[in-house]
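Just so we're aligned, residue 364 is where the sequence shown starts under the working numbering, counting upward by one.
Worksheet: the structure to be examined is printed underneath.
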Amino acid sequence: MRSTIHRFAGTVIAGITILTLTAQPSLSAAQVKTTINGDENIVADGNVTVYRGLSPKQLAEYRKSIQHQDWEATKENPAFRKLVRAAHGGKEVEQLDAYSRAKFWEDLSNFLDKVVQADADAQKLFQQGSVGAELKALIPKIEAARDNFNYDEVNRLLAEFRNKHNDLQQDLAKVHYLQGQTYELQINYPEAERYYKKAAAIEDENPLYLNTHAGILWKMGRYAEAEPLFRRALSIGEKTLGPEYPDVAASLNNLAVLLSDQGNYTEAEPLFRRAFAIREKVLGPNHPDVATDLNNLALLLKTQGKYDEAGLLFRRALAMNEKALGPNHPDVATNLNNLALLLSDQEKYAEAEPLYRRALAIDEKALSSNHPDVATDLNNLALLLSDQEKYAEAEPLYRRALVIDEKALGSNHPNVATRLNNLASLLYGQGKYDDAEPLFRRALVIDEKALGPNHPTTVLYRNNLNALLAKKKQ
């Protein structure tokens, strides 16, 4: 039986758009999966095209050369091994599967692309000046440091150039952006946010910098700060690209994700539907990006209790991704997780449990055992077990999910509040009120700060704490 205490399913939200400085035509940006509010998997993806820099042919050739680097030789580099451990929850290089290795290598290659792009842009801007030549001479040093995974040296070189030429605003914005990318690759979100903010302040009409700054704020749970940036980026994209461009669909999706996280479902729904319509028209009905939009719209319908329509969309998205990406892709795990959530809400536990377990197995293999998406899978499976009063099996899953998210996202992230609330709910259901109370209090403090005192989730946490305090007085 469900407790009167409110708990939350583990939402895996597959990431807000990672934007790149790309030459025309735009290249696909690497997707980042992250969890928000411990609810369903909302996926935000896409990129913004900046029409300047390397030609498509040059960039394609350069990326091809990077892809042919020798993994076996590179993996012995100490700095590289340290970076792998930081990105994969302590795993060594040898423990990465083929998918994780390819994804990690792609992220690093994308970073170098941005450095080369900045060089090309600088040459166009300062073709006749000494600064362009200086930056051009600096690029090989940055490349060498990056290829050796020496990010301290990359940071030093960029900082040195920035300090020397502080008056060169447009080029300085690119340097700040690159600095932010470096810190984001190192999973140092506060420093990444600091530099993305500087880039956006210099070029406040550039959707690349606005979206990137908003995206890192979203990752950090600072939704109120991210919202106006997403809105501004969307407005600029609609004005410059037109209302039916794929990048506009990505911006619509990102803003809708944020609004959903803030409990503003009424405004989010038409944005999700518009993003879906644009991408289905431009990309075709079976494209993975269309599956993303179906998934997100279905989540919203589920929240509104429209289970039949949501179920149809979840199953369609799952079938599309299994066909396009294969049965063991993390996006398939996202679809499995969300369909299982719907079945759980309908108390169809026997149907939901194997889907949760399959999603967990996929993510542990593809993403590592310490990834936030794994925490979401653990949380959801624990909820299912709790509903069946299998408390002894559920509790260690909740605790493991909490440890993962505290390490990966920081102790003040809304996802951590979700884990605390759910673990406290389990303890409350067993009559362990003294153990549950500090967890409820900590969850409430986190969400009051991150989401505000009137957010629906914050209100529920406050009600949970009050219910416990009333119970203790009886």
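Ideal Cβ placement from N, Cα and C applies to all residues, glycine included.
What you are looking at is a predicted structure, and each value in this text was computed from that prediction instead of being measured.
Out of 577, 546, 568 and 545, point me to the one whose CA is closest to residue 560's CA. 577
Beta-carbon contacts of residue 838 that lie in its chain and below 6 Å, excluding the five residues immediately before and after: In this structure the chain extends from 364 to 837, so residue 838 is not present and cannot be described.
Using the Cα positions of residue 682 and residue 721, report the straight-line distance between them to the nearest angstrom. 15 Å
What do you get for residue 537, buried or exposed, if any count of 16 or more other CB atoms within 10 angstroms of its CB means buried? buried
Going by CA-CA distance only, name the one from 621, 648 and 819 that's closest to residue 592. 621
Starting from the N-terminal side, write out each stretch of the alpha helix (DSSP H) that is 4 residues or longer and does not extend beyond the stretch 659-707. 670-688
Is there contact between the stretch 604-621 and the stretch 796-810, where contact requires at least three CB pairs shorter than 8 Å? no
Can you tell me which of the three DSSP states residue 746 falls into? helix
Buried or exposed, going by whether 16 or more other CB atoms sit within 10 Å of the CB of residue 397? With a pLDDT of 25 at residue 397, under the threshold of 50, the modelled position of that residue is not reliable, and the figure given next carries that caveat. With 16 or more Cβ atoms within 10 Å of its Cβ, residue 397 is classed as buried.
Quick one: give me the first and last residue of the alpha helix (DSSP H) that residue 777 is part of. 777-792
Chain-order list of residues whose beta-carbon lies under 6 Å from that of residue 672 (same chain, five-residue window excluded): 664
Report yes if the C-beta distance between residue 741 and residue 723 is below 8 Å; otherwise report no. yes
Simplified DSSP assignment, three categories, for residue 652: helix
Do you know offhand how far residue 541's Cα is from residue 830's? 49 Å
Could you tell me how far apart the beta carbons of residue 656 and residue 616 are, in whole angstroms, since I believe they sit closer than 8 Å? 7 Å
Mind reading off the beta-carbon distance from residue 704 to residue 670? Whole number of angstroms is fine, and I expect it under 8 Å. Actually they are not in contact, since the Cβ atoms of residue 704 and residue 670 sit about 11 Å apart, beyond 8 Å.
Span separating the alpha-carbon of residue 626 from that of residue 818: 7 Å
Helix or strand or just coil, what does DSSP make of residue 731? coil
Residue burial classification, residue 629 (beta-carbon count within 10 angstroms, cutoff 16): exposed
Compare the C-alpha of residue 570 against each of 581, 580, 600 and 586 and name the closest. 600
How many angstroms separate the CA atom of residue 747 from the CA atom of residue 805? 24 Å
Could you name the residues of the same chain whose beta carbon sits closer than 7 Å to that of residue 552, not counting the 5 residues immediately before and after it, in chain order? 579, 582 and 583
Going by DSSP in three states, residue 812 sits in which element: helix, strand or coil? helix
For the candidate residues 692, 769 and 745, whose alpha-carbon lies nearest to that of residue 758? 745
C-alpha gap between residue 565 and residue 690, whole angstroms: 44 Å
Helix, strand or coil for residue 578? Go by DSSP, reduced to three states. helix
Under the assumption that residue 824 contacts residue 784 (Cβ atoms under 8 Å), give the Cβ distance between them as a whole number of angstroms. 6 Å
Can you tell me which of the three DSSP states residue 608 falls into? coil
Span of the alpha helix (DSSP H) around residue 835: 819-836
Mind checking which residues open and close the alpha helix (DSSP H) that includes residue 524? 514-527
Mark residue 612 as exposed unless 16 or more other C-beta atoms lie within 10 angstroms of its C-beta, in which case mark it buried. buried
Compute the distance between the beta-carbons of residue 573 and residue 557, then report whether it is under 8 Å. no
Cβ shell of residue 776 (< 6 Å), same chain only, five flanking positions each side left out: 584
Let me check understanding here. Comparing Cα to Cα, which of 752, 812 and 762 lies closest to residue 793? 752
Is there at least one non-hydrogen atom of the ligand ZN closer than 7 Å to the beta-carbon of residue 500? Summarising the ligand content, the structure contains no ligands, and the ligand ZN is consequently not present.
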